[in-house]
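In our numbering, the protein residues as written are 206 to 371. Beta carbons are placed, not taken as given, at the ideal position from N, Cα and C, and that holds for glycine. Because the structure is a prediction, the values reported are computed rather than measured. Notes for the one structure printed next.
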């Protein structure tokens, strides 16, 4: 890990984070590694963002070091047992193992928050960095699927039993 990233703060996303996350989501590398590679208009992102931060089925974190955000992770509950993951690392912090760190530091929080047993990561097969992050964070590759013409690897991480809601 990068020597400047020894003290990590994990915090819930708030309204003030919308511009940062809009910039991150429109990074060309992020768009290229997304199922929908189109640029996201600010007004559309604002509406989506407001819905997400108010949803009881969404949990979003930003990880930062010394006040500098370096990654975001979102968990969307999809049923009583599962939540899907969306994760990204700021461009200047990529290839430092921070995707793995983000997954490791937040996966139990999401499991407990939702009272679920399984987390699911859907990653474009061509996105080697994210695939590696999921594997290094203890996820198992469970399947491969063609989603909207994109070959994706499906990763699972699960508990043997549910934790109490928290």
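Reducing DSSP to helix, strand and coil, say where residue 261 ends up. It is coil, neither helix nor strand.
Hey, quick one: how far does the beta strand (DSSP E) through residue 218 stretch, first residue to last? Per DSSP, residue 218 belongs to no beta strand (DSSP E) and is neither H nor E.
How far does the beta strand (DSSP E) with residue 288 in it extend, from its first residue to its last? Where residue 288 is concerned, the enclosing beta strand (DSSP E) stretches over 287 to 294.
Please state whether DSSP places residue 301 in a helix, a strand or coil. coil
Is it true that the CB of residue 292 sits closer than 8 Å to the CB of residue 304? yes
State the CB to CB distance for the pair residue 324 and residue 362, rounded to an integer number of angstroms; the pair is presumed to be in contact (CB under 8 Å). Contact annotation, residue 324 with residue 362: C-beta distance approximately 5 Å; criterion of less than 8 Å satisfied.
Limits of the beta strand (DSSP E) - the one that residue 346 falls within: 345 to 352
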